[in-house]
Structure formats: C-alpha cells, structure tokens
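For the sequence shown, position 146 (counting from the first letter as 1) is numbered 146 according to UniProt numbering, and the numbering increases by one without interruption. Ideal placement from N, C-alpha and C gives every residue a C-beta, glycine not left out. It should be emphasised that the depicted structure is a prediction, and the values quoted were computed from it without experimental measurement.
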Amino acid sequence: MNIVIRSEGADRATYRSAAYRVIWRWHFYAGLFCLPFVFVLTITGAIYLFKPQINAFLDRPYDHLTLAGAPKSLDEQVAAAQAALPDARLTGIELRADRQDAARVLFSKNIAAAPAEEFTNFRVMVRPDTLEILNIEDERFRPTELAHDLHSDMLLGAPGHILLELAGAWAIVMIVTGLYLWWPRDSQSLAGILYPRLSSGRRLFWRDLHAVTGFWVSFFALFLLVTALPWTTVWGKSFRYLRSVGEQAMVKQDWTTGPADKQAQRKEGFQQAAPAASADPHAGHHGHHGGAMAGGPAPLGFDKAAAAAAALGLADPVTIAPPAAGKPNWIVKSTTQNRPLRRTVELDPTSFETRKETGFFSSPLIDRVFGVGIAAHEGQLFGWANQLLGLLTAIGYLLLVVSSVVMWWRRRPQGALGAPPALSSGPRLAPFVVGLVVALGVFLPTLGLSLLLVLATEQIIRRFLPGASGWLGLRPI
Numbered sequence: 001m002n003i004v005i006r007s008e009g010a011d012r013a014t015y016r017s018a019a020y021r022v023i024w025r026w027h028f029y030a031g032l033f034c035l036p037f038v039f040v041l042t043i044t045g046a047i048y049l050f051k052p053q054i055n056a057f058l059d060r061p062y063d064h065l066t067l068a069g070a071p072k073s074l075d076e077q078v079a080a081a082q083a084a085l086p087d088a089r090l091t092g093i094e095l096r097a098d099r100q101d102a103a104r105v106l107f108s109k110n111i112a113a114a115p116a117e118e119f120t121n122f123r124v125m126v127r128p129d130t131l132e133i134l135n136i137e138d139e140r141f142r143p144t145e146l147a148h149d150l151h152s153d154m155l156l157g158a159p160g161h162i163l164l165e166l167a168g169a170w171a172i173v174m175i176v177t178g179l180y181l182w183w184p185r186d187s188q189s190l191a192g193i194l195y196p197r198l199s200s201g202r203r204l205f206w207r208d209l210h211a212v213t214g215f216w217v218s219f220f221a222l223f224l225l226v227t228a229l230p231w232t233t234v235w236g237k238s239f240r241y242l243r244s245v246g247e248q249a250m251v252k253q254d255w256t257t258g259p260a261d262k263q264a265q266r267k268e269g270f271q272q273a274a275p276a277a278s279a280d281p282h283a284g285h286h287g288h289h290g291g292a293m294a295g296g297p298a299p300l301g302f303d304k305a306a307a308a309a310a311a312l313g314l315a316d317p318v319t320i321a322p323p324a325a326g327k328p329n330w331i332v333k334s335t336t337q338n339r340p341l342r343r344t345v346e347l348d349p350t351s352f353e354t355r356k357e358t359g360f361f362s363s364p365l366i367d368r369v370f371g372v373g374i375a376a377h378e379g380q381l382f383g384w385a386n387q388l389l390g391l392l393t394a395i396g397y398l399l400l401v402v403s404s405v406v407m408w409w410r411r412r413p414q415g416a417l418g419a420p421p422a423l424s425s426g427p428r429l430a431p432f433v434v435g436l437v438v439a440l441g442v443f444l445p446t447l448g449l450s451l452l453l454v455l456a457t458e459q460i461i462r463r464f465l466p467g468a469s470g471w472l473g474l475r476p477i
C-alpha cells in the first residue's frame, strides 16, 4: 500500500502523482471489498426508511373493521390473545386510536428447544367485537424486520454483524479517498465533478456519472456510516465501555450493539413478564405485578391504562406494558423512531395516574447526540423530507456501485485484476496523511486491524507468489 514519508526534495508534481496513485490503490481496494456489502446495505436501508408506511400498508386488513357489535373490553381482547398463544408471555399491547382496529397484543417467546434460548416477539391481532384471532405474527418475518436483520448482519448473526462493520469502515476509506481523487483542483476542473459532461462520449459518461454522483452523495453517505457506528459490535461495545464511566452509566442506552445484545434485550423482556398474573384488578397491592406467565391469565386494567395513555399525547407507536418483575407500575412508552419525541410514563397500578415520566431530554447528552443521529439515519427525524433525502442518497449509492463496476469491467487489463500498479520508489505520502491513516485506524479498530492484515498480505504475496503478485498489480513500476 506504499505508506512511507514524503522526501523533502521531491518535486511537487512528482509527489502529487505518486500520492494520487497510492490513494487510487486504496480507493480500488476499498471498493473491491465493500461494494457488494454496500449494495445490500443500500437496498435494505432504503426499504427500512419507509418502515412506518410499509407496516401500515401491511396492517390494512386489521384496521377500520366493520364491527357487528360493540367492541369488547381490552382486557377481554388481551385474554383472547393469551388463550391463542398459551406458551408465550404477555408483554403488552400497542395502543390504537380507533376502537374499530384489531387489537395488537404483544408477546415474547423462547422458540429454541431447551436448554437453548432464542427469544422472539409475536403480535396477535384480535377482532374487537367477536374476539376472533385474525393473525398471529412472528415479528422476525415482518418484511421491515427482515430488511432490518439483513441490514444488520445479513442473517449471519455475530460474524455477519462484524463483517458489515468492517465493510462500513472500508466504505469510509472509499469515500474519503474518492473525494481526494475527484476534488476540483481549479475552476477548470468543475465539469465532470460538479456536473456531468453529457456530450463527451460513453467512456466519459461513466466516469462523470461516478465522479459527480460521488461528489454530491459523499457527505450524506459519510453521515450514514458514522451514525451507524453506535449499532456496531466492536466500535459500539467500545463506546458502551467508555459510556459506563460517569453518570450516563445510570441510564440504559436505548439501542443495541450486535445480535447478542439484541437477544439479551429480548430475554430481559421475556423474564420481566414472568411473575404470575392475577385476575384481581388490585393485584399490584398483593405483590403479583401483572406480567403473565406462559399459559397464565392476562392481567386486568388494560382499559384504564389505555384511557390514561391516550390522554398523554405520546408519539405513535405507543405500547402499554402491565406491571412486571421489579416494575410495579404500568409502563406507557412511545417507541417512535424519531427518538427526540420518545417518552416513557409510569402509571400507578390502582389510580392509573402518572407516577414518573422520562424522555429523550432527560437522557445523557451523548445519548441525545447519538439519538438524533440514529433518528436521521432511519429517515424519521424530520418527516418525509428526511425519508426523501435518505432515498436519494441510496439511489446515489447504487449509481456509484453500478458505475464503478462498469468502469472496472471496461478498463480491466487482460489477465489481471486491474488494480492501480504499486510504486517501486520515489516520493510517497506526507506525514500528515500517514497520521490521518493511523488516527482513522485507531478510531475504527476493525479498519486498523484489517489494514495491517492487507499490508502484511501484500508483502507475503510479493515475496512468495509472483504470479498472484502480477495479477493483483503488486509488481512495482
């Protein structure tokens, strides 16, 4: 990869040419590795941008039903759902503004054979008037959840999650080096970078499509890559460790860092639903705090809790959880993806008056910063404009992938990969650039370790595999 120091007597033009070639190699290597992953992330991310609209569309058969009679109480609807899924634990309901909508009753279940554990969430749709079960849905198979899981780990679990973290780190390298390669040096070079030259032939068309799209999309793409870091395994857990120092450790972060963390969160929800339920509406006074054991009766009080929750004005979707292990109050929670609007309210189990309220602005500053970034990343911070901006960025990403593959295919030499040839000697990178690479490798540990691995692999191939060295463009010129 030719990371050495620029010589003092180097001619400026020669230095620029050498630096350009080295950075071009990095850009090529980064793209070669991460473009397939970028393609998957772009498609799944574009789908997930529209999660609220997609879920609302899929749930249309269960909304605005024509009822044959008056709706039954929520307590009865929850009990009907519990009877339909007796081996699961009730975790709550999703509040609906229209009483003619099917009830959404939420459950947690261990779907693995003992002694293994794999927890997942279910939702049961209950017709309000007849208590008919309209659907039992394993939330893992919701289209938006499948898109989320593909976006998170490609359905490969922890290895896939780390692999995507690595791809994201190299995508940052790809974008930064691309900006260096294509950044306008003077006013004469704006054409083909700020705007395409549409009448200059097919070869320049693909080059300009790549450069112009990259120039305008890069800053938004970098934002998406950086705001994805809190979810990652290596970087995210390192941040969690640093976050554990200080008062912010007292507040649990509301995002997960990897599949294991997600499973731990689901297990916690399952365990909190463990205490035996009581049909006594005052069960909270007797130490039996509402969450239902698998197969046990559903707790009473959902109608009063829903009435109190509706008056709070929380952002949809809103969930209502009955009293559970170590949590004697009813929990009303906004789970909107627009994190600054999230609020959690605890209701007294007897009077259903507000006992405690927490929200986005009561969380630590660092959590608020990341929360805003995550909301923007998911396209939910400032409405449809955020979704449109995310969609345009995704389209730009796809154009970069397609144009880069076309350019490589058209220009690749016979019998070689087509990587820019390595340099044998002469002026190389300045200390500032080397320092920037080192800093980036420290900030992104997966990038730093993989960069060292690439450098070591290059040297091994050069020394012991001359045929592969020529094919990879490692023979110096």
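Excluding five sequence neighbours on each side, which residues of the same chain lie with their C-beta closer than 6 Å to the C-beta of residue i?
i, result
"R475", "S469"
"R266", "F119"
"L314", "S334 and R343"
"G269", "T91 and S108"
"M125", "Y62, A102, L134 and N135"
"S363", "V251"
Per DSSP, residue i is paired with what?
i, result
"A321", "I331"
"G359", "R343"
"I374", "I374 is not bridged to any residue."
"F107", "L90 and F122"
"E145", "Answer by DSSP bridge pairing: none, since E145 is not bridged."
"D254", "None, per the DSSP bridge assignment."
"D138", "F122"
Between residue i and the rest of its own chain, which residues show a CB-CB distance below 7 Å, the 5 nearest in sequence each way excluded?
i, result
"F464", "none"
"D208", "G192, P196 and R197"
"C34", "A167, W170, A171 and M174"
"L150", "V40 and T44"
"S450", "L166"
Measuring straight from C-alpha to C-alpha, what distance separates residue i and residue j?
i, j, result
"F360", "W206", "45 Å"
"L391", "S152", "18 Å"
"V406", "K252", "47 Å"
"D348", "N329", "5 Å"
"L179", "L440", "16 Å"
"I395", "V402", "11 Å"
"H210", "L399", "7 Å"
"N55", "A97", "16 Å"
"V318", "A112", "29 Å"
"Q387", "W471", "43 Å"
"Q414", "H27", "21 Å"
"P299", "L85", "15 Å"
"S73", "L95", "13 Å"
"E458", "W408", "21 Å"
"F39", "L444", "21 Å"
"A116", "L65", "40 Å"
"V369", "G473", "43 Å"
"residue 481", "A306", "Missing from the structure shown is residue 481; the chain here goes from 1 to 477 and no further."
"F57", "I374", "24 Å"
"L146", "I460", "41 Å"
"R99", "H148", "30 Å"
"V433", "T177", "11 Å"
"K327", "E346", "9 Å"
Does the beta carbon of residue i come closer than 8 Å to any beta carbon on chain D?
i, result
"L451", "Annotation note: the requested chain D is absent from the structure, which comprises a single protein chain."
Helix, strand or coil for residue i, going by three-state DSSP, please let me know.
i, result
"T354", "strand"
"E132", "coil"
"A191", "strand"
"E117", "coil"
"D367", "helix"
"L163", "helix"
What residues in its chain sit with their C-beta under 8 Å from that of residue i, if we drop five residues either side in the sequence?
i, result
"V372", "R339, P340 and L381"
"H161", "S152, D153, T232, T233, G258 and P259"
"L131", "K72, E76, Q77 and A80"
How would you label residue i, buried or exposed, when you count the other beta carbons within 10 angstroms and need 16 or more for buried?
i, result
"Y20", "exposed"
"V22", "buried"
"W183", "exposed"
"Q272", "buried"
"W384", "exposed"
"D75", "buried"
"G301", "buried"
"I93", "buried"
"T213", "buried"
"A435", "Reading off the sequence, residue 435 comes out as Gly, not Ala. So G435 ends up on the exposed side."
"F219", "exposed"
"residue 488", "No answer is possible for residue 488: the residues shown for the chain start at 1 and end at 477."
"A416", "exposed"
"A279", "With a pLDDT of 36 at A279, under the threshold of 50, the modelled position of that residue is not reliable, and no figure is offered here."
"P466", "exposed"
Run the proximity test for residue i: is its beta-carbon closer than 7 Å to any non-hydrogen atom belonging to the ligand SAM?
i, result
"Q82", "Ligands in the displayed structure: none, and consequently the ligand SAM is not present."
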